[in-house]
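Student:
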Amino acid sequence: MMNKIFPLLFLLFGLNPLFANNLQVTQKGTSLTVGNARIESPAEGLWSIATDWGTNWPDSWQHANPERIETVGPWTIAYGSIKTKEGTWLLRDAYRQQGDVVKVIRRFEWKGAQTTTKTTLSARWIVSNSNNPQVIMPGVLYNGNPAGAKTAFGLVPIFKGNDGDELIVEEHRFPMPFVSLEWNTNNQILGAAVHSLPSLAPFAKKTDQWWSMGIVAHPNADEIVLLSGPCAMNGHRSVVKANQAKYYPYNEAWLNVEPDGIIEKTFYLQAYPVKAGGSGFESALTASIDIFKPGVSENMPSIKDIIQDKYRLATSRFVQTDQAAGFSTFPTDQSRKEFGIGWVGQADVVGYALPILEKYLNDRELIAKAQQSLDFLTTAPFNENGFAVVYNYNDNQWSRADLLAQGSGMNSFASAISVGRTNKKLNTSKWEVFLKKACDFHAKRMLDNGWKPVSTNEAYLIAPLFKAAKLFKNKTYEQAALKATEYYGNRHIGMIEPYWGGTLDARAEDKEGAWAAFQGFLAAYEYTKNNTFLTWAKHACDVMLTYTVVWDVAMPAGRMASHDFKTRGWTSVSVQNHHLDVFGVLTAPSVYKLGNYINNARYRDLALLMYRSCGQIIDPFGSQGEQVQQTNYLQHGRGKVNTLDDVRGNYFESWTVFWITAHFLNAAAQFEEMGVKLE
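Here you go:
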């Protein structure tokens, strides 16, 4: 028996008829073909169930293919069974076209007289002849994580694609719950993905046991797999990453299913042609957004309320001494007495943000505070590495000159100058002298033939150099910015080397590296109107957005659950650090602007969600924790993970560096300038 869903689908769903979905459900299994891209069930069977547990892993697998197939309205339904010595599993798959994906509801029903123990359920999908594919597991794996593998810092997930390699992690570790593959066959670039509707596993042996998802390498094929709990990483089975330094045992992740127990798992299949190497994941990203449709909830704080809350905290950080004035990186009652330029202090942001937001804030001294802060920061001394970015106002000493923070700070100064030139209450003369000196230093260094940046971190310099080129009509700055733009585009667009190294505490693939490139490419487009740079900006933005949570992770009892906290709109940090943070608020205006440039409402809607969702858990003082523990990972308290029961559902609230305040104000000011309503 056979049921085929053939190309008239493109008439219904607007698909290119050349690449209309061809779903085939037969007694030999299931396949989805779009053009020449194909994903299919394994040869041994559509359904696979492990009936025992061996050495830290499911064992005694049994398989089955459909015995009967029928059509019910828009659904194609396949039925099968697996007989074990204890009883029979009744199996059912229901398939339905949903936009560019095929929705699948898989049903397992246990018909045995006794509880079946040590059971593992699965959904397995094969991509054959995939030729060492690029594999994207959002927030977890980017084409093998080559930077993380090279630096060997922070226990980064690695997948080299050798026969038997496995990387399978808990679903709540995924910001966007999909695994996508991109490969080249006969000079055609093809892609496929499996998306999951994340869920707890019923009848689980372990407390808080979720389904897991990942990739397994085979000779001439790769397998995207969903399992009812088991996890594997870096050659270790039945472990999960607990922090930057250690694995935590995760054994006995099986099911004990009671008689007549029913388990259902929803997932989605996708196959697609790929326009250019390194861009295949973008189809999966768009599908993920469309599947989950993340949006702003009415109970999320308004932008205007967030502005007022964050300004209240900002005023508590303002410090004025005989020699300095500025916004303290840390609470003023803590031992570290610092002002910071760029990451992570961001005392420089206020010179741009506060004048624009003045009408929303009842503070006559607001402009003066902005003036004083930036005036003082211009006293930062220069050395052979650039300018210092940290000032200790207790001992009056400057230190550090990391490039990432310099680029971030220069961008803030350029924005402040642009606003300040039109505000009679501000004097930008000192700011301009300082920015010119910084741009002269970095433009000369970057235009040298020996300039070879280690990671994507120096892409932070692109946007301020373009802004300074316009402010000061300086061609040298323009040349340096264009050189860096083309360098990073050529280096990263193909994703052989994904964006990386854009954050201070990770030496691996991260969203901050993608953000640095996105911000730079977007600035290049705005300066030149070259559409190639807009294409690059979208690519870097899309990589960055794969770290953005599009679904609400169900939390166990704890403070997150008590706050009815919604994870969508928050961001995972890197393939090294798996907690959530509020970084999305910083990038949201640029995401919104990209949505305007390419006329795509998805980006605008997601941008507003990112800002407003990140305003959750602001306390009465205007503060909030940066590090939300949505998965089995603890950033602070390294080495102290004794049980996973106390990890998920909490957050670390004492790491309240000033950027968490400054960039809420910074982003609100950008939205205001774009005409986005802040009410």
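Residue numbers (this note's numbering): 9 to 687.
Heads up, the beta-carbon is just placed ideally off N, CA and C, and yes, glycines get one too.
If you follow the beta strand (DSSP E) that residue 422 is in, where does it begin and where does it stop?
Tutor: Counting along the chain, residue 422 falls outside any beta strand (DSSP E), though it belongs to the alpha helix (DSSP H) covering 411-428.
Student: Within a Cβ cutoff of 6 Å, which residues of the same chain sit near residue 104, ignoring the five residues on either side of it in sequence?
Tutor: 82, 83 and 111
Student: Once the 5 residues before and after residue 75 are set aside, which same chain residues still bring their CB inside 8 Å of it?
Tutor: 35, 87, 88 and 89
Student: Spatial neighbours of residue 140 within its chain, please: C-beta separation below 7 Å, excluding the five flanking residues on both sides.
Tutor: 169
Student: Could you work out which residue in 242, 109 and 95 is closest to residue 42 when comparing CA atoms only?
Tutor: 109
Student: Can you have a look at residue 176 and say buried or exposed, based on whether 16 or more other CB atoms are within 10 angstroms of its CB?
Tutor: buried
Student: Could you tell me which residues DSSP pairs with residue 261 in its beta bridges?
Tutor: Per DSSP, none; premise fails for residue 261.
Student: Would residue 473 pass as a contact of residue 489 if the rule is Cβ separation under 8 Å?
Tutor: yes
Student: Less than 6 Å between C-beta atoms, sequence neighbours within five positions excluded: which residues of the same chain meet that for residue 352?
Tutor: 665 and 667
Student: Among 245, 244 and 172, whose alpha-carbon lies nearest the alpha-carbon of residue 229?
Tutor: Checking every option, the nearest Cα to that of residue 229 belongs to 172.
Student: Residue 13 to residue 280, Cα distance in whole Å?
Tutor: A caution first: residue 13 carries a pLDDT of 36, below 50, which makes its placement in the model too unreliable to give a value.
Student: Closest to residue 235 by CA distance: which of 242, 224 and 438 is it?
Tutor: 224
Student: Rounded to a whole number of angstroms, what is the C-alpha to C-alpha distance between residue 486 and residue 256?
Tutor: 50 Å
Student: Return the CA-CA distance between residue 554 and residue 146, expressed in angstroms with no decimal places.
Tutor: 5 Å
Student: Of all the alpha helix (DSSP H) runs that stay within the bounds of the segment 139-187, which reach a length of 4 or more residues?
Tutor: 154-159
Student: Less than 8 Å between the beta carbons of residue 588 and residue 318, yes or no?
Tutor: no
Student: Between the alpha carbons of residue 15 and residue 248, how many angstroms are there, rounded?
Tutor: Note that residue 15 has pLDDT 33, beneath the 50 cutoff, so the model's placement of it is unreliable and no number is given.
Student: I need the DSSP call for residue 406, collapsed to helix, strand or coil.
Tutor: In the three-state DSSP reduction, residue 406 falls in the strand class (E or B).
Student: Check for me: the alpha helix (DSSP H) holding residue 281 runs from which residue to which?
Tutor: No alpha helix (DSSP H) contains residue 281, which is instead part of the beta strand (DSSP E) from 270-281.
Student: Buried or exposed for residue 26, please, with buried defined as at least 16 other CB atoms from any protein chain shown within 10 angstroms of its CB.
Tutor: Residue placement at residue 26 is flagged as unreliable, the pLDDT there being 33, under the threshold of 50; a coordinate-derived value is accordingly withheld.
Student: Can you list, in chain order, the residues of its chain with a C-beta nearer than 6 Å to that of residue 477? Leave out the 5 residues immediately preceding and following it.
Tutor: 485 and 486
Student: Who are residue 230's beta bridge partners in DSSP?
Tutor: 135 and 225
Student: Going straight from the alpha carbon of residue 130 to that of residue 55, what length do you get?
Tutor: 7 Å
Student: Given that a residue counts as buried once 16 or more other Cβ atoms are within 10 Å of its Cβ, and exposed if not, what is residue 164?
Tutor: buried
Student: Does DSSP classify residue 520 as helix, strand or coil?
Tutor: helix
Student: Which residue comes first and which comes last in the alpha helix (DSSP H) that contains residue 469?
Tutor: Annotation for residue 469: no alpha helix (DSSP H) segment contains it, and DSSP assigns it neither H nor E.
Student: According to DSSP, simplified to helix, strand and coil, what is residue 308?
Tutor: In the structure shown, residue 308 falls within a coil segment according to DSSP collapsed to helix, strand and coil.
Student: Counting along the chain, where does the beta strand (DSSP E) carrying residue 99 start and finish?
Tutor: 95-106
Student: Would you mind working out which of 524, 240 and 636 sits nearest residue 625, comparing C-alpha positions?
Tutor: 636
Student: Grab the span of the alpha helix (DSSP H) containing residue 450 for me, first residue to last.
Tutor: 437-455
Student: Just to confirm before moving on: does the CB-CB distance between residue 465 and residue 521 stay below 8 Å?
Tutor: yes
Student: Locate the beta strand (DSSP E) running through residue 505, then write down its first and last residues.
Tutor: Unbroken run through residue 505: none, as it is neither H nor E.
Student: Hey, quick one: how far does the alpha helix (DSSP H) through residue 363 stretch, first residue to last?
Tutor: 358-365
Student: Please report the residue range of the alpha helix (DSSP H) in which residue 432 lies.
Tutor: First-last for residue 432: undefined, no H or E at that position.
Student: How many Å lie between residue 179 and residue 561 at the Cα?
Tutor: 9 Å
Student: Quick check on DSSP: helix, strand or coil for residue 563?
Tutor: coil
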